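Residue 45 is where the sequence shown starts when you use our numbering, and the numbers rise one by one after that. Note that beta-carbon positions come from the ideal geometry of N, C-alpha and C, so glycine has one too. No experiment lies behind these values; they were computed from the predicted model shown.
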Amino acid sequence: MIKIGIQKSGRLFEDTIQLLKSIGIPISASNTSLKYSFPEFPLEVYFLRDDDIPSYVETGVVDVGIVGKNLVLESQCEVELIRNLGFSKCRLSFASPRGFKLRDLTDFNGKSIATSYPNLVKGFLKENNLNCNIHEISGSVEVAPSIGLAEIVCDLVSSGSTLIKNGLVESFTLLESEAVLIANKSLTETELFSRFLLRIDAVILAKKSKYLVLNAPKERVAEIAGMLPGLKAPTVIPLATPNWVSIHAVVSSENFWELIEKLKKYDAEGILVLPVEKMFS
Ligand code: PRT
Ligand code: ZN
């Protein structure tokens, strides 16, 4: 049995439920009682506050967890960081009031910084030989300068609108974060964990991929195939129309529009793009 700790509600919740559903765990977002087991796969899901997940994984209360990388690194818990999951992306950044823009790291010296991430901030200051006072606060970090608590803030940013609303300007990024899968160090070699990871990887890989089908003149196959690395090489199938073929390939979701523009230049027609549900490398 694998015990997994996930956030009970909040920014990680929806995508985590979606990920578990896509690996075959028929979880219901409306039933978040503390513990939930499944006969489909020996998995027990624990609904927790995100802050508790790293230490619960470290101490073995649960075996694996899904939580923001920011919390894992701040907690300094000894856990294995297994996979980046590609959702709940944000960054931990420094910001200061418009009138006091941080242009250089030496601008930090002698200032006070409000943050909920004291360990990460301390590490950053030490690495850069900077001297500051750190005010640890648990929420509403962005109001610290306006109430005179600190000159600088270090907080999570996604769209940036909270900073703008509070008259703050983002300067340096300490960490790029996203949801991650973490595991207790004693678990990673087990067969059950490999089975669990096979499912997770199939979903992560599928999300990064698209299935492309297009028609092209036969004389363009070499050039088009060069643009479509696919799994091994694209599949080329003759069409009923003489000297035309259909080309099938799995391509990366990144830079996808640029690829379509290039393919059009090489006379590709009837281009279909399909989502990939699962992919095994
Ligand atoms: O109740 P529980 O303790 O479980 O949840 P929580 O309230 O502590 O956490 P939650 O749900 O707010 O966030 C969970 C995780 O989502 C974080 O640890 C991050 O990994 C990730 N995440 C992604 C974010 C953001 N984006 C984010 N924008 N966490 C917080 N914010 C906050 C930020 O602190 C600031 O107040 O949103 C504001 C900034 O947003 P923008 O869009 O205005 O820049
Ligand atoms: Zn929390």
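**Cut-off 7 Å between Cβ atoms - residues of its own chain near S132, not counting five sequence neighbours on either side** = If you number the sequence shown from 1, residue 132 lands on position 88. If the five residues before and after S132 are omitted, its C-beta is found closer than 7 Å to the C-beta atoms of R55, L56, D59, G112, E222 and A223, all from its own chain and listed in chain order.
**Prompt:** What number of angstroms, rounded off, separates the C-alpha of Y80 from the C-alpha of F144?
**Reply:** Taking the first residue of the sequence shown as 1, we reach residue 80 at position 36. Taking the first residue of the sequence shown as 1, we reach residue 144 at position 100. Between Y80 and F144, the C-alpha separation is close to 50 Å.
**Message:** Can you look up R135 in the DSSP assignment and give me helix, strand or coil?
**Reply:** One-based indexing of the sequence shown puts residue 135 at position 91. R135: strand per DSSP, three-state reduction.
**Asked** From which residue to which residue does the alpha helix (DSSP H) around P162 run?
**Response** Residue 162 sits at position 118 when you count from the first residue of the sequence shown. P162 to E171 is the extent of the alpha helix (DSSP H) around P162.
**Prompt:** W288 to K262, Cα distance in whole Å?
**Reply:** In the sequence shown, the residue the question calls residue 288 occupies position 244. In the sequence shown, the residue the question calls residue 262 occupies position 218. Each residue's alpha carbon lies about 5 Å from the other.
**Message:** By the three-class DSSP mapping on this structure, what secondary structure does T159 have?
**Reply:** Against the sequence shown, residue 159 aligns to sequence position 115. Per DSSP, reduced to three states, the secondary structure at T159 is strand.
**Prompt:** Near E122, what residues of its chain come up, given a Cβ to Cβ distance below 8 Å and the 5 sequence neighbours on each side ignored?
**Reply:** Position 78 of the sequence shown, counted from the first residue, corresponds to residue 122. Residues E102 and K229 of the same chain have their beta carbon placed closer than 8 Å to that of E122, with the five preceding and five following residues left out of the count.
**Request:** Tell me whether A10 sits in a helix, a strand or coil according to DSSP, three-state version.
**Result:** The chain is shown from 45 up to 325; residue 10 falls before or after that span and cannot be answered.
**Message:** Report the CB separation of F216 from L146 in whole angstroms; it is logged as a contact under 8 Å.
**Reply:** Numbered from 1 along the sequence shown, position 172 holds the residue referred to as residue 216. Numbered from 1 along the sequence shown, position 102 holds the residue referred to as residue 146. About 7 Å separates the two Cβ atoms, so the contact holds.
**Request:** For S137, count neighbouring Cβ atoms within 10 angstroms of its own Cβ and tell me buried if that reaches 16, exposed if not.
**Result:** Along the sequence shown, one-based indexing puts residue 137 at 93. It is buried - the Cβ of S137 has at least 16 other Cβ atoms within 10 Å.
**Item:** Contact set, the ligand ZN heavy atom to C-beta under 6 Å
**Value:** These are the residues, in chain order, with a beta carbon less than 6 Å from any non-hydrogen atom of the ligand ZN: R93, D94 and D95.
**Request:** Using DSSP bridges, identify the partner residues of F82.
**Result:** If you number the sequence shown from 1, residue 82 lands on position 38. Beta-bridge pairing links F82 to L87.
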